[in-house]
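Undergrad: Quick one: this structure, given as structure tokens, is what I'll be asking you about.
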Amino acid sequence: MIQNEFQDSSGFEMSIVRVALPVPLPQVFDYLAPDATAADVGRCVTVPFGRGERNGLILALGAAAAIEPARLKTVRHIQREVPPLPADWLELVDFVARYYHAPIGEVVALALPPGLRRADGVSGEDEDPLLQIAAAGREALHSPRRASKALALLQTLAAAGAGPWRRSVVRALEGGEAVGELLRRGWVGGAERVAARHATGARPEPTPEQTQALEAILGAGPGFKPWLLHGVTGSGKTEVYLRLAAHLLAQGRQVLMLVPEIALTPQLERRVAQRFAAAHVVSLHSALADGARSRGFVQALAGEADIVLGTRLAVFAPLPRLGLILVDEEHDASYKQQEGVRYSARDLAVWRARQRGVPVVLGSATPSLETWYHARSERYALQTLSQRALAATLPAVRCIDTRRLRLDEGLSPALQAALGERLERGEQSLVFLNRRGYAPVLSCPSCGWVSRCPHCSANLVVHLADRRLRCHHCGCDGPIPSACPSCGDQDIRPFGRGTQRVEARLAELFPQARVLRVDRDAARTRRQWESVLATIAEGGADILVGTQMMAKGHDFPNLTLVGVIGADAALHAADFRAPERLFQQLMQVGGRAGRGALAGTVLIQTEYPAHPLYQQLARHDFDAFARMALQERRSAGFPPFTHQAMLRADAPALDAAVDFLRHARRLAEECAPEGLRLYDPVPMRLTRLARRERAQLLIEADQRGVLQGFLAGWVALLYRQRTVRELRWQLDVDPLEV
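So this is what it looks like as structure tokens:
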């Protein structure tokens, strides 16, 4: 064995470091490092690898190396400009690698921001400083001066309180662009950092249910405890989050708040920043520039960030003073990574809360059935908000039976009449259709040609606004042909409907209305999305045509009608989670109606008005739906009553993918324990994606320990198998799509 420290040929003392590298191999790599000590564990490094170099992370100092000293290469650079990642963070990524059976180097690469991962010099300097009114500013307030934008902004700040405020918060105020002039004149200046943890903005009076939830969660005292905050749409779950956060900040602790998609929730981001105007709020999500994301990560690591608000990747933010974890819309599928390391940020949030001994609050109007089952079995504590905070009642939900109706581009006469009534009253309406584009497919009635994607088992969607055919899976894009490419017939037609087609028809039916389409095509960037939201909030649209982007967390007091088109398809889907997602989606989008003083109505067009799901939705009875769905899953042997893993393979030819899975199944049969079930390899529903054919193999067990114990040995076997060069395989533990 080669000892941890020894001398090279020049007599210089060297150490062995174990480095995690972003390569698809389940191992760490040993290197020599001059003067490396235990203080370097958790630091990023640059090392030689193959003919080039890679960036990785020191996980440990090696007691011995498995190869001869002459074959060990030397670390080229250790990043010592920032604090090392702490032991609890290293334990977190190690757990992810073990539970999801992913190479530790790939987990580390996923969890670290790009700048830190490259071992670059990353500054944690705060670029959003605290400001407060200076002596010169107080003098300016009390002396006669000519009106100006700077003076108006100064007066706004003085009216808001003593401060301090984050510069970004001041800039967001009316006339905030004058903040630079305030600084130039010396009317505002830097504030002390210590004040950040105590000063908060104005708070609304809590409802009795909010007070009860707060008292229960805070009364449970310190230590790990998972809570489900089940609140109907508009019940004020966010207010509970903010008050809990304020309590922890006052104790000098940090708060981690996860949201499904930060680009879709600028209102929440703005509300957090304004409530905690003096606190250091850091946003972490993949849309940030590399420098901003790395800077925020380092600020969290150094304990300078008070609140970290972010998407699923923010669950990896190192927080030395962590006191509380909040997971908003915990049911949302966005918390599950679907590429690379397929982790669930919601589940990791619960694990991390247990690891750090802090409470975690999972909030939703429509909890996932797994979370609901944990709450009903008392594994999680439950707090319920059954009443809306501002509106008097929940929206009335009614089904429109379309079995004997002739629809006009998907719109029933009853829905058209309801839209007309809202127009006359000056109220806003939302027509919800979760399919963007003009039509799902272009077809030729003469020869049967359809606009199929050349790279996927999917159709090219008609986007009439810019006259393009697009694949929503691989991004293939082309012009709409003027004639059938197969037979030359010019009478090619779009079939089905998307948001663009409904938007066009509504503009014809209601020429006096301002119709606004809200989907990924209309709002590709965050700036476009915020502009759309501002238009709606300012009353610049009468009828909205939206996809699921409109279902999450938006509050428009003048929106009183939601009409739902095309919901029935989910009732016939092969995925056992489809009804759950449909119920969640409809309850969430219906919750956009009637959130202010005006009553709301939800109209659902369906050919199955008596279906139990729609009946439970009409009663706002999530409990009844959850009981029904859980009973069905128990009978069928689906999660949460079983535990699953999915092995997927893809290759240019389907046979190669299926053959690999068959071989993997034979290996599994040789080591499968009692209670494990292996299914046959089958092509995936979307078999061809981006020119690659895909297949899957389902593994299932009634006990999580049985499944995990099997996977550890089986995956190690799979890594040792020789496969054709073009084949790729991935393991998905606790898959959301089956």
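Position one of the sequence shown corresponds to residue 0 (numbering that gives the first Met the number 0), numbered consecutively onward.
We put the CB at the ideal spot given by N, CA and C, even for glycine.
1. Hey, how far is the Cα of Thr-738 from the Cα of Arg-664?
2. For Arg-355, which residues in the same chain have their Cβ closer than 6 Å to its Cβ, ignoring the five residues on either side in sequence?
3. Identify whether Glu-507 lies in helix, strand or coil by the three-state DSSP scheme.
4. For Asn-54 and Arg-116, I'd like the C-alpha separation in whole angstroms.
5. Could you give the distance in angstroms between the alpha-carbon of Gly-230 and the alpha-carbon of Phe-582?
6. Can you grab the Cα-Cα spacing for the pair Ala-198 / Pro-113, in whole Å?
7. With DSSP collapsed to three states, give me the class of His-279.
8. Which whole-angstrom value is the C-beta distance of Tyr-607 and Asp-567, which I expect to be below 8 Å?
9. When DSSP labels each residue in this structure, what does Glu-268 get in the three-state scheme?
10. Would you report the Cα separation of Tyr-738 and Asp-346, rounded to the nearest angstrom?
11. Which residue marks the beginning of the alpha helix (DSSP H) containing Pro-578, and which one marks its end?
12. Could you pull the DSSP bridge partners for Val-460 from this structure?
13. How many angstroms separate the CA atom of Gln-382 from the CA atom of Leu-227?
14. Leu-368 and Ala-628 - do their beta-carbons sit closer together than 7 Å?
15. Buried or exposed, going by whether 16 or more other CB atoms sit within 10 Å of the CB of Lys-551?
16. Roughly how many angstroms separate the alpha carbons of Ala-64 and Ala-108, rounded to a whole number?
17. Can Asp-327 and Val-271 be called in contact, C-beta distance under 7 Å?
18. DSSP three-state call for Arg-724: helix, strand or coil?
19. Would Glu-725 be called buried (16 or more neighbouring beta carbons within 10 Å of its own) or exposed?
20. Quick one: grab the DSSP three-state call for Asp-87.
21. Whole angstroms are fine: how far does the CA of Arg-184 sit from the CA of Ala-134?
22. Whole alpha helix (DSSP H) runs in the stretch 316-374 with 4 or more residues, listed along the chain?
23. Taking just the CA atoms, how far does Val-517 sit from Arg-434?
24. Is Gly-593 buried or exposed, if buried means 16 or more other CB atoms sit within 10 Å of its CB?
25. Which same chain residues end up closer than 7 Å to Ala-457 when comparing Cβ atoms and leaving out the 5 residues on each side of it in sequence?
26. Within the continuous alpha helix (DSSP H) that includes Glu-180, where are the two ends?
27. Restricting to Cα atoms, I'd like to know which of Ser-363, Val-681, Gln-729 is closest to Ser-385.
28. Straight-line CA distance for Leu-441 to Ala-374?
29. According to the Cβ coordinates, are Thr-370 and Met-586 closer than 7 Å?
30. Going by DSSP in three states, Asp-488 sits in which element: helix, strand or coil?
31. Between which two residues does the alpha helix (DSSP H) harbouring Pro-210 extend?
32. Measuring alpha carbon to alpha carbon, tell me which residue in Val-501, Asp-733, Trp-728 is nearest Ile-698.
33. Exposed or buried, which one is Arg-721 when buried takes at least 16 other CB atoms within 10 Å?
34. Is the Cβ-Cβ distance between Pro-225 and Val-349 less than 7 Å?
35. How big is the Cα-Cα spacing for Ala-288 and Tyr-342?
36. Within 8 Å, do at least three Cβ pairs link the stretch 397-409 to the stretch 246-254?
TA: Taking the structure as given:
1. Only positions 0 to 737 of the chain appear in the structure, and residue 738 is not among them; the question remains open.
2. Here residue 355 refers to the residue found at position 356 when the sequence shown is read from its first residue. Residues of the same chain with a CB within less than 6 Å of the CB of Arg-355, apart from the 5 flanking positions on each side, are Leu-321 in chain order.
3. Here residue 507 refers to the residue found at position 508 when the sequence shown is read from its first residue. Residue state, collapsed to three classes: helix.
4. For this step, residue 54 is matched to residue 55 along the sequence shown. For this step, residue 116 is matched to residue 117 along the sequence shown. Put simply, the backbone Cα of Asn-54 is about 6 Å away from that of Arg-116.
5. Taking the sequence shown and counting its residues from 1, one reaches residue 230 at position 231. Taking the sequence shown and counting its residues from 1, one reaches residue 582 at position 583. Near 15 Å, if we compare the C-alpha coordinates of Phe-582 and Gly-230.
6. Taking the first residue of the sequence shown as position 1, residue 198 is located at position 199. Taking the first residue of the sequence shown as position 1, residue 113 is located at position 114. Caution is warranted here: a pLDDT of 42 is assigned to Ala-198, below 50, making its placement in the model unreliable, and the coordinate value is therefore given only provisionally. So the two alpha carbons sit approximately 33 Å from each other.
7. The count along the sequence shown starts at 1 and reaches residue 279 at position 280. In the structure shown, His-279 sits in coil (DSSP, three-state: anything other than H, G, I, E or B).
8. Taking the sequence shown and counting its residues from 1, one reaches residue 607 at position 608. Taking the sequence shown and counting its residues from 1, one reaches residue 567 at position 568. Contact annotation, Tyr-607 with Asp-567: C-beta distance approximately 6 Å; criterion of less than 8 Å satisfied.
9. Translated into the one-based positions of the sequence shown, residue 268 becomes position 269. Residue state, collapsed to three classes: helix.
10. This structure does not reach residue 738, given that the chain is present from 0 up to 737, and the question cannot be answered.
11. Within the sequence shown, the letter at position 579 stands for residue 578. In the DSSP assignment, Pro-578 falls within the unbroken alpha helix (DSSP H) covering 577-589.
12. Numbered from 1 along the sequence shown, position 461 holds the residue referred to as residue 460. Per DSSP, Arg-469.
13. For the purposes of this step, residue 382 is identified with residue 383 of the sequence shown, where counting begins at 1. For the purposes of this step, residue 227 is identified with residue 228 of the sequence shown, where counting begins at 1. Rounded to whole angstroms, Gln-382 to Leu-227 spans 6 Å at the Cα level.
14. Counting from one through the sequence shown, the residue named residue 628 turns up at place 629. Counting from one through the sequence shown, the residue named residue 368 turns up at place 369. It is a contact, given that the beta carbons lie within the stated cut-off.
15. Mapped onto the sequence shown, residue 551 falls at position 552. Under the 10 Å beta carbon count, Lys-551 is surrounded by 16 or more other beta carbons and is classified as buried.
16. Stepping through the sequence shown from its first residue, residue 64 is reached at position 65. Stepping through the sequence shown from its first residue, residue 108 is reached at position 109. Their backbone Cα atoms lie some 24 Å apart in a straight line.
17. By 1-based counting over the sequence shown, the position of residue 327 is 328. By 1-based counting over the sequence shown, the position of residue 271 is 272. Taking 7 Å as the cut-off, the Cβ atoms of Asp-327 and Val-271 do not count as close.
18. The count along the sequence shown starts at 1 and reaches residue 724 at position 725. Under the three-state reduction of DSSP, Arg-724 is assigned to coil, being neither helix nor strand.
19. Here residue 725 refers to the residue found at position 726 when the sequence shown is read from its first residue. Answer is exposed; the Cβ neighbour count stays below 16.
20. Position 88 of the sequence shown, counted from the start, is the residue given in the question as residue 87. Here Asp-87 carries a helix assignment [DSSP, helix/strand/coil].
21. Your numbering for residue 134 matches position 135 in the sequence shown. Your numbering for residue 184 matches position 185 in the sequence shown. Taking C-alpha positions only, Ala-134 is separated from Arg-184 by approximately 11 Å.
22. Correct list: 344-355.
23. Reading the sequence shown from its first residue, position 435 is the one you call residue 434. Reading the sequence shown from its first residue, position 518 is the one you call residue 517. Each residue's alpha carbon lies about 11 Å from the other.
24. Indexing the sequence shown from 1 puts residue 593 at position 594. Burial is judged here by how many other beta carbons sit within 10 angstroms of a residue's own beta carbon; Gly-593 has at least 16 and is buried.
25. Looking up residue 457 in the sequence shown gives position 458. Contacts found: Cys-470, His-472, Leu-685.
26. Counting from 1 along the sequence shown, the entry for residue 180 is found at position 181. For Glu-180, the enclosing alpha helix (DSSP H) stretches over residues 178-184.
27. Within the sequence shown, numbered from 1, the residue matching residue 385 stands at position 386. Nearest of Ser-363, Val-681, Gln-729 to Ser-385, Cα basis: Ser-363.
28. Within the sequence shown, the letter at position 442 stands for residue 441. Within the sequence shown, the letter at position 375 stands for residue 374. Each residue's Cα considered, the two are about 47 Å apart.
29. To locate residue 370, count along the sequence shown from 1; it is residue 371. To locate residue 586, count along the sequence shown from 1; it is residue 587. Going by C-beta atoms, Thr-370 is not nearer than 7 Å to Met-586.
30. Reading the sequence shown from its first residue, position 489 is the one you call residue 488. Coil, per DSSP.
31. To locate residue 210, count along the sequence shown from 1; it is residue 211. At residue 210 the sequence reads Thr, which differs from the Pro that was named. Looking at the DSSP string, the run of the alpha helix (DSSP H) that includes Thr-210 is 207-218.
32. On the sequence shown, residue 698 is found 699 positions in, with the first residue counted as 1. The shortest CA-to-CA distance from Ile-698 to any of Val-501, Asp-733, Trp-728 is the one to Asp-733.
33. Taking the first residue of the sequence shown as position 1, residue 721 is located at position 722. With fewer than 16 other Cβ atoms from the protein chains shown falling within 10 Å of its own Cβ, Arg-721 counts as exposed.
34. Looking up residue 225 in the sequence shown gives position 226. Looking up residue 349 in the sequence shown gives position 350. With respect to the 7 Å criterion, Pro-225 and Val-349 are classified as neighbours on the basis of their beta carbons.
35. Residue mapping note: residue 288 aligns to position 289 of the sequence shown, counting from 1. Residue mapping note: residue 342 aligns to position 343 of the sequence shown, counting from 1. Rounded to whole angstroms, Ala-288 to Tyr-342 spans 23 Å at the Cα level.
36. With the cut-off at 8 Å, the stretch 246-254 and the stretch 397-409 do not touch.
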